[in-house]
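Numbering-wise, the UniProt record's numbering puts 96 at position 96 of the sequence shown, and it's gapless, one number per residue. Beta carbons: idealized from backbone N, C-alpha and C, even for Gly.
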Amino acid sequence: MPQLERVRRELAEPVKRGLFRKAPPPIMGLYMWGGVGRGKSMLMDLLFEAVEVPKQRSHFHAFMQWVHAEMNAARKMGVDDAIAPVAAKLASDGRFLAFDEMQISDITDAMIVGRLFEALFEAGVVIVTTSNRHPNDLYKNGLNRALFVPFIDLIRDRLEVHELVSPTDYRQGRLAGTPTYFTPVNAEARAEITQ
Numbered sequence: 001m002p003q004l005e006r007v008r009r010e011l012a013e014p015v016k017r018g019l020f021r022k023a024p025p026p027i028m029g030l031y032m033w034g035g036v037g038r039g040k041s042m043l044m045d046l047l048f049e050a051v052e053v054p055k056q057r058s059h060f061h062a063f064m065q066w067v068h069a070e071m072n073a074a075r076k077m078g079v080d081d082a083i084a085p086v087a088a089k090l091a092s093d094g095r096f097l098a099f100d101e102m103q104i105s106d107i108t109d110a111m112i113v114g115r116l117f118e119a120l121f122e123a124g125v126v127i128v129t130t131s132n133r134h135p136n137d138l139y140k141n142g143l144n145r146a147l148f149v150p151f152i153d154l155i156r157d158r159l160e161v162h163e164l165v166s167p168t169d170y171r172q173g174r175l176a177g178t179p180t181y182f183t184p185v186n187a188e189a190r191a192e193i194t195q
């Protein structure tokens, strides 16, 4: 997939400062979306393994739980803008972030994610994410969605949006012909499971 190769190639280049210490143009990340089982996560994982820079991969929901915990810790220490130290920590830990299954359904996440991603992009972090939804459908019908729309614009500005289209659900193919349900629960069923 040319979009993944572009990200890999650009991340492989050493970080250079431009003339008069100007930051180089940012590397465009990638937002892959499409139906369930189309191979988005597998492709992102292949890119993640191929990239040799400090990096981090996370399921988006787990990532947001971590963000909330870090923000709470910052607030307990008296930090006014709790997003800033979270973004700084992420940027210092790696140049590349990969998120699986971006989905935003909570108003708190909707309000945090825009400022967080903006700070990450400003710090030069490259983001690749997968989702089952087009960016325009993130947080669809959510409370105060108008406040979230700038994040959608940020995605379109900083991530190449690519729909992964395939008539095949590749996850289903892996299970074809494989016994996946055993009944009754007895010694014979247990023996099948342990194989």
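- Item | Reference Ala82, options Ala74, Gln103, Glu192, closest by Cα | Ala74
- Counted within 10 angstroms of its Cβ, other Cβ atoms place Pro184 as buried (16 or more) or exposed: exposed
- Message: According to DSSP, Ser131 sits in a beta bridge with which residue or residues?
- Response: Trp33
- Mind reading off the beta-carbon distance from Glu118 to Leu154? Whole number of angstroms is fine, and I expect it under 8 Å. 6 Å
- Cα-Cα separation, Trp66 to Arg38: 27 Å
- Heavy atom of the ligand COA within 7 Å of Ala187 beta-carbon: Looking at this structure, you won't find the ligand COA or any other ligand, since it has none at all.
- Message: Can you give me the C-alpha to C-alpha distance between Lys89 and Leu11, rounded to a whole angstrom?
- Response: 20 Å
- Could you tell me which of Val36, Glu13, Arg6 sits nearest to residue 219, measuring between CA atoms? With the chain covering only 1 through 195, there is no way to say anything about residue 219.
- Item | Supposed close pair Ala123, Ala91 - CB separation, criterion 8 Å | 4 Å
- Item | Residues near Leu138 in its chain [Cβ-Cβ closer than 6 Å; skip 5 each side] | Ile104
- State the DSSP-derived secondary structure class of Gln56, mapped to helix, strand or coil. strand
- Task: Taking all protein chains shown into account, decide if Thr130 is buried (16 or more other Cβ within 10 angstroms of its Cβ) or exposed.
- Result: buried
- Message: Less than 6 Å between C-beta atoms, sequence neighbours within five positions excluded: which residues of the same chain meet that for Val53?
- Response: Leu11, Arg95, Phe96
- Message: Can you give me the C-alpha to C-alpha distance between Phe151 and Phe63, rounded to a whole angstrom?
- Response: 17 Å
- Which same chain residues, not among the five before or five after Ala50, have their C-beta less than 6 Å away from its C-beta? Arg8
- Hey, how far is the Cα of Phe121 from the Cα of Lys40? 22 Å
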